[in-house]
Amino acid sequence: MRIELTEEQKMLQETVRRFAEEVVRPRAKEIDESGEFPRPFFDQAGELGLAGVSVPEEYGGAGMDTLSYCLVIEEISRVCATSGVILSVNNSLVCDPLLKFGTEEQKKEFLTPLAAGKKLGCFALTEPGAGSDPAGMRTTARRDGDDYVLNGNKIFITNGTDADIALVFASVDLAKKHKGITCFIVPADLPGYSHGTHEFKLGVNASGTTELAFQDLRIPARYRLGEEGDGFKIAMATLDGGRIGIAAQAVGIAQGAFEEALAYSQEREQFGSSLSSFQAIQFYLADMSTELDAARLLTWKAAWAKENQKRFSLEAAQAKLFASEMAQRVTNKALQIHGGYGYTKEYNVERYFRDARITEIYEGTSEIQKMVIADWVLNKA
Amino acid sequence: MAVLTEPISEKTEVDAGTGVDFSLTEDQQLIRDEVRRFAEERIRPGIAERDREHIFPMDIFQEMGEMGLLGMLVPEEYDGGGVDTLAYLLAVEEISRVDPAVAVTMSVTNSVCCWPIVHFGSEELKRRVLPDLASGKALGGFGLTEPGAGSDAGSLKTSARRDGDFWVLNGEKAWITNAGFARYFVVVARTNPEAGKRGLSAFVVPADAPGFSVGQPEEKMGLKSSRTAQIYFSDCRVPAANLLGDEGQGLKIALATLDHSRLGIGAQAAGIHQRALELAVAYAKERVQFGQPIAANQAIQFKIAQMATELAASRALTYAAAAAEHTPRAGRLAAQAKVYSSEAANRACQESLQIHGGNGFHDDYEISRLYRDVRVTTIYEGTSEMQRMVIARHLLQK
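These protein sequence lines map, in sequence, to chains A and B.
Residues in the first sequence are numbered from 5 upward in steps of one, following the working numbering.
Residues in the second sequence are numbered from -19 upward in steps of one, following the working numbering.
Rendered as structure tokens:
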């Protein structure tokens, strides 16, 4: 048992923090309000190696471990949760499955530009009628000679407005339910591929979330990731890893809000003394820091387990569940400590409060995490 | 920015001595497994009767002493176990999983009696008392709290006056675990009435010292087979060599001891939490209602998922605090581990009892005892409120 980063990890953390403070923070409020997808941020992050943190160098990545990846997502999310999720999706939901399930040819053609940040990826699983239950999806892929022809719609696709490459899940046989689901690598410039415009949301507002539509979209069979029917397995394995990224995002959001609340409580005076001199405020801060540390430890533990090829499905679900609900509580208290000012756009905490909310929903709702955890504890442990 | 363009490619070759590592050493696993087996075989039998009849299991403590479980952190040169803090916490957790009342006697002897003697006692004192404590020939106790001085330990009134080669103690201490069974107590008393918090000193008081006496056992809500009573000093004479540290260091020693011992309560809470979860899982799978095991209900599944997740958080905080024990963050981390783990364990017992329905309210079911036993974990060795004060003080210090 050792909770101490390596020198390399500490350097990475410092480097990313500086990048976050200098480049990401100044635009965080603006992109939240405009909803404009921060492509320049993604390009710069790519140059730093942040688009494919855990992808080996030979495929354009930074070749670092899973915990390093968590540090990146935490540091970016600490100043801008939108930027955090953009990176998390590219890393966890696009690069990871390509690395794990892709052929050498697919890795060279798609993974390398994605991991280097030259191209942006998105992950297209959810449909209007298939959220937590992907087996209910209606998007189809029909084999036609050496090609597949895709038809259907996807919604809530992060990075969707700007993605160059989409991982698309479609069914080769709707009657087979989840056993028909197959994953495809789809370049966004193919005829028949279209995406919607930016949709305003409660939080993470500039993440390019939109719908995708495929109309007789023809792709070569060599763009299929894994075999026919492997899609469900690929999606579930990918989301296991993605949950670690979202847990790290939640920790980053909470850390950002906590730091602002801690500082504000010491500056703001009422009744002739600082807010921080009141025990009620002190106890809020104590609980916030305790839960924050617990969430970070659970996240690091899941990352450590994944890195060391141990079971991490349970650990990732626990980290995601705990960290996201923690972030919701911590940002709520941070706003409360700011009082009326916290409710205004003058301060950042209202943005943190809104941004935290989605972490309890995407990449598996809290309820899905509890189903996963209960299954482990009741049936597998 | 070079770090990102020059990646760490050979992950496996990174120095084994750095980096985050959540694994247990072989020794730690061995200790945990051995203590778990011992607890199941030797402590579990008779537990309900001991609880009902308030029987203090001296025979169990003799065995635990022989196994080295009562002086685990005492260096081997004083006949102790010489293990690391995490190994000790794993042992506390395993004992608590079976009998939290046995665990509190274990924790008190190890953490608040042996520990301050190891760290603040003179060489002569250590040689005189530690071998007996570490081997279970003598149990230990700790006397800080008084009827009028609980969380505000600095206001205590028990006095110690120097008289030649002796200190003469007068006063009383309340809520003393192991009173009546322990042979040595670490006691904090006022040596300088003028000096406020700096006027306190810590002593090792033998139970056979003249002027020392023990009150009637307290009737408690839980931990019924552990013994709690007042202790009294009436011109109680203690050799001058039994002073811990220097005169005036008593509060400092007491607070350092509590920083350490909070980890033990974190581990105790995690052990109870683990058992509450196990009992809930087993009961939910076997109890059939509406034609199926109640575990088939999502409401029950989600309670279990929540309990399991919070347990993982408790352990992570407690183990991480142990790993950081000698760093400047140690005080805050120990307080975080204690407040979180104890409150989470209380919630877990509450939910586990709820899953048991009416049976959980019955003395025949283990969860009803755990529900009573767990309650004190948010109170002793610093209430939750004191932990939050400690954490906030650390946060606001910068």
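We treat Cβ as the ideally placed atom computed from N, Cα and C, and that holds for glycine.
query                                                                                                                        : result
Minimum C-alpha distance to A:R358 - residue among A:N336, A:I7, A:Y366 and A:R272                                           : A:N336
Neighbour flag for A:M292 against chain B, beta carbons, 7 Å                                                                 : no
Segment contact flag, the region 252 to 267 of chain B with the region 340 to 357 of chain B, C-beta cutoff 8 Å, min 3 pairs : yes
Residue interval of the beta strand (DSSP E) (run including A:I161)                                                          : D151 to I161
Cβ contact (3+ pairs, closer than 8 Å) linking the region 366 to 378 of chain A and the region 309 to 322 of chain A         : yes
Where B:I(-12) sits in the DSSP three-state scheme                                                                           : Confidence is the limiting factor: at B:I(-12) the pLDDT is only 33, short of 50, which leaves the residue's position unreliable and the question unanswerable from this model.
Under 7 Å between C-beta atoms of B:I284 and A:V76                                                                           : no
Same chain, Cβ closer than 6 Å to B:V78, neighbours up to 5 away in sequence not counted                                     : A19, I23 and R24
Contact check, A:A210 vs A:E40, beta carbons under 7 Å                                                                       : yes
Proximal chain B residues relative to A:M375, where beta-carbon distance stays under 9 Å                                     : Q278, Q281, F282 and A285
Interface flag, A:L221 vs chain B, CB-CB below 7 Å                                                                           : no
Coil, strand or helix - A:A32 by DSSP                                                                                        : helix
Contact the region 42 to 57 of chain B vs the region 221 to 229 of chain B: 3+ CB pairs below 8 Å                            : no
Completely contained beta strand (DSSP E) runs for the region 204 to 260 of chain B, where each covers 3 or more residues    : 208 to 219
Beta-carbon gap between A:F173 and A:G196 smaller than 7 Å                                                                   : no
Whole-angstrom distance between A:A338 and B:M(-19), CA atom to CA atom                                                      : With a pLDDT of 27 at B:M(-19), under the threshold of 50, the predicted position of this residue should be treated as unreliable, and no value is reported.
Residues from the region 255 to 275 of chain B in contact with chain A, defined by Cβ distance under 8 Å                     : L257, V261, A264, K265 and A275
In DSSP terms, what B:G121 is bridged to                                                                                     : B:F165
Identity of the residue in B:G230, B:K200, B:H240 and B:A234 nearest B:R170 by Cα                                            : B:G230
Chain-ordered chain B contacts of A:S280 [CB-CB under 7 Å]                                                                   : L376
Spatial neighbours of B:P(-13) in its chain, beta-carbon cut-off 6 Å, leaving aside the 5 residues before and after          : Any reading at B:P(-13) must be qualified, since the residue scores a pLDDT of 31, below 50, and its modelled position is unreliable; the value itself is stated next. Excluding sequence neighbours, B:P(-13) sits near nothing in its chain.
Nonlocal neighbours in the same chain, by C-beta distance under 8 Å from B:F146, ignoring five residues either side          : R217, V218, P219 and A220
Short Cβ contact (7 Å threshold) for B:G320 with B:L291                                                                      : Per the sequence presented here, residue 320 of chain B reads as Tyr, with Gly not at that position. Not a contact, by the Cβ cut-off of 7 Å.
Helix, strand or coil at A:I77 [DSSP, three-state]                                                                           : helix
Interface flag, B:E(-7) vs chain A, CB-CB below 7 Å                                                                          : Its pLDDT being 37, under 50, B:E(-7) is placed unreliably by the model, and the measurement read from it follows with that caveat. Taking Cβ atoms only, chain A never reaches closer than 7 Å to B:E(-7), which makes this a no.
Integer Cβ distance of B:L69 from B:L243, believed to fall under 8 Å                                                         : 6 Å
Contact with chain A by B:A133, beta-carbon distance below 7 Å                                                               : no
is_contact[B:M(-19), chain A] using C-beta, thresh 7 Å                                                                       : Summary for B:M(-19): the model assigns pLDDT 27, below 50, so the residue's position carries little reliability; its value from the coordinates is reported in the next sentence. At least one chain A Cβ lies under 7 Å of B:M(-19).
Cβ contact check for the region 184 to 191 of chain A and the region 222 to 238 of chain A: 3 or more pairs under 8 Å        : yes
Cβ of B:L66 within 7 Å of any chain A Cβ                                                                                     : yes
Per DSSP, the bridge partner or partners of A:Y197                                                                           : A:F218
A:T144, enclosing beta strand (DSSP E) - first and last residue                                                              : T144 to D148
Neighbour-count burial assignment, A:K314, 16 or more Cβ in a 10 Å radius                                                    : exposed
Residues in the region -1 to 29 of chain B having any Cβ partner in chain A nearer than 9 Å                                  : G(-1), V0, D1, F2, S3, L4, T5 and Q8
Proximity to A:R226 [Cα-Cα], best of A:E25, A:K111, A:R29 and A:R300                                                         : A:K111
is_contact[A:V381, chain B] using C-beta, thresh 7 Å                                                                         : yes
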